[in-house]
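Numbering (the numbering used here), first residue to last: 2 to 288.
Below you can see the structure in the form of structure tokens.
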């Protein structure tokens with residue numbers, strides 16, 4: 002894994018992608034620092050991080066679009082996959098390299114709260130919690146970009162799809178409020194989720210009977226609950242989407258709320274995307 006991390010970091014800083022990412026991150030930090038803190042005479046730095054995080058829409062695709070797509074385009078992916086290094090180590094190595102670049106950029110922005118600390122009273126616990134959320138949010142989105150990059154050999158397509166996916170996470174809360182809240186719509190929505198879950202079980206285990214039994218059991222439970230207590234299904238779509246919203250979790254950190262559940266959620270989120278990335282590559286490898 003170490004060799005993959007070194008290779009990817011070298012690529013980031015021998016090409017322009019690493020420098021572009023860091024330059025934009027620092028530039029945006031400076032702009033929001035001047036507007037949000039200096040001009041507004043405010044000591045609240047968490048607002049700066051919230052403003053910067055919106056530009057993850059563009060920054061994350063820059064960081065992740067070439068990770069697997071470039072290997073596929075140059076036809077070096079087969080050499081990589083037939084090497085003694087496991088697919089898991091390759092995937093984790095690429096993910097760690099992108100995460101290190103994000104960490105470098107995050108650390109470089111520390112200069113702004115330090116400057117703020119010299120001239121005003123800063124709520125350091127709030128800044129620390131905000132930075133933790135900022136970094137975890139970035140790690141979660143990197144895992145999405147890595148997964149998308151593994152699906153195509155075109156970096157531009159990878160960047161566009163990653164942008165769309167990140168944008169979806171940003172608007173998920175608004176989307177949840179706009180969707181129907183009646184019980185029947187919620188049942189249809191949950192049925193689709195159960196079907197997807199059943200497919201994932203089958204795809205992971207290749208055990209048809211187990212996947213069918215689990216899916217049928219969940220459907221029976223769903224129908225039983227709908228018949229006995231339909232009120233439970235009111236607003237379910239909004240609740241589920243808000244629960245799955247990684248951006249919603251990020252806003253908790255920016256308000257200074259340090260919740261173990263939010264940390265675990267982010268860790269689970271990027272672990273899940275790493276898993277499906279590894280699983281997808283393994284399948285294509287033996288075709």
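Beta carbons are placed, not taken as given, at the ideal position from N, Cα and C, and that holds for glycine. Quick caveat: nothing in here was measured; it's all calculated off a predicted structure.
For residue i, count neighbouring C-beta atoms within 10 Å of its own C-beta (all shown protein chains included) and say buried if the count is 16 or more, exposed if not.
{"i": "residue 17", "result": "exposed"}
{"i": "residue 11", "result": "exposed"}
{"i": "residue 149", "result": "buried"}
{"i": "residue 255", "result": "buried"}
{"i": "residue 156", "result": "buried"}
{"i": "residue 66", "result": "buried"}
{"i": "residue 224", "result": "exposed"}
{"i": "residue 1", "result": "No statement about residue 1 is possible, as the shown extent of the chain runs from 2 to 288 and does not include it."}
{"i": "residue 29", "result": "buried"}
{"i": "residue 218", "result": "exposed"}
{"i": "residue 169", "result": "exposed"}
{"i": "residue 163", "result": "buried"}
{"i": "residue 54", "result": "buried"}
Find the nearest neighbour of residue i within the set the options, judged by alpha-carbon distance.
{"i": "residue 68", "options": "4, 202, 167, 154", "result": "154"}
{"i": "residue 62", "options": "194, 277, 103", "result": "103"}
{"i": "residue 185", "options": "274, 235, 198, 215", "result": "235"}
{"i": "residue 95", "options": "194, 130, 278", "result": "278"}
{"i": "residue 181", "options": "26, 14, 222, 237", "result": "237"}
{"i": "residue 2", "options": "261, 39, 85", "result": "85"}
With a CB to CB cut of under 8 Å and the five nearest residues on each side skipped, what residues in its chain are close to residue i?
{"i": "residue 123", "result": "44, 46, 114, 117"}
{"i": "residue 128", "result": "46, 47, 114"}
Near residue i, which residues of its chain fall below 7 Å by C-beta distance, leaving aside the five closest residues on each side in sequence?
{"i": "residue 159", "result": "66, 70, 149, 150, 153"}
{"i": "residue 191", "result": "223, 237"}
{"i": "residue 166", "result": "145, 149"}
In chain order, what residues of the same chain have a beta carbon less than 6 Å from the beta carbon of residue i, not counting five sequence neighbours either side?
{"i": "residue 23", "result": "106"}
{"i": "residue 109", "result": "27"}
{"i": "residue 74", "result": "154"}
Could you tell me how far apart the beta carbons of residue i and residue j are, in whole angstroms, since I believe they sit closer than 8 Å?
{"i": "residue 187", "j": "residue 270", "result": "About 23 Å; that fails the 8 Å criterion."}
Could you pull out every unbroken alpha helix (DSSP H) segment of at least 4 residues lying fully inside the region 77-163, listed in chain order? 78-82, 88-109, 112-120, 125-150
Entirely enclosed alpha helix (DSSP H) segments - the region 235-276, minimum 4 residues: 237-245, 247-255
For a minimum of 3 consecutive residues, which ranges assigned as the beta strand (DSSP E) are wholly contained in the region 26-66? none
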